[in-house]
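Going left to right, the sequence shown walks through residues 2 to 112 as my numbering numbers them.
We treat Cβ as the ideally placed atom computed from N, Cα and C, and that holds for glycine.
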Amino acid sequence: PRDRCGSDRIFEHPFLSLRRDHFRGPTGTDEKLAYLIEIADWVNIVAFDASEQVLLVSQYRYGTRSVTLEIPGGAIDAGETPLAAARRELLEEMGFEADEWRQVGVVEPDR
């Protein structure tokens, strides 16, 4: 972006990285900082069984130190389409395959 004056990579890991950007505020004179977490694109799947019940996966989450019920999902691998990633994640996490697929939305994070 043209308002960015500089950028520093603070942390790098295969799953995510943290970047600090220096940028000019709305007046163009005041320099500000922004911290951005960069992660791979992601898919989530809302899958239904034959009884029209939503399929949920049980996942341990370290941050909350608890097991949660969630819809399946995961990162899109390099060169993989979102649909291919969704199919792979549903099979990996739930052991299910689906014949019918429909995209219901897209979320763009604040990058």
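If you follow the alpha helix (DSSP H) that residue i is part of, which residue opens it and which one closes it?
| i | result |
| --- | --- |
| L17 | Careful: L17 lies outside any alpha helix (DSSP H), inside the beta strand (DSSP E) at 17-25. |
Which of the three DSSP states is assigned to residue i in this structure?
| i | result |
| --- | --- |
| R103 | coil |
| E1 | Outside the shown range of the chain (2 to 112) lies residue 1, about which nothing can therefore be said. |
| D9 | strand |
With 16 other CB atoms within 10 Å as the buried threshold, where does residue i fall?
| i | result |
| --- | --- |
| L17 | exposed |
| L70 | exposed |
| L91 | buried |
| V44 | buried |
| I46 | buried |
| E94 | buried |
| A35 | exposed |
Since residue i contacts residue j with CB under 8 Å, what's their CB separation in whole angstroms?
| i | j | result |
| --- | --- | --- |
| D22 | R10 | The Cβ separation is near 10 Å, so there is no contact. |
| M72 | L84 | Checking the displayed sequence, the identity of residue 72 turns out to be Ile instead of Met. About 16 Å; that fails the 8 Å criterion. |
**Item:** Secondary structure, beta strand (DSSP E): runs of 3+ residues fully inside the stretch 36-106
**Value:** Fully enclosed beta strand (DSSP E) runs of 3 or longer: 43-45, 58-62, 67-71, 74-76.
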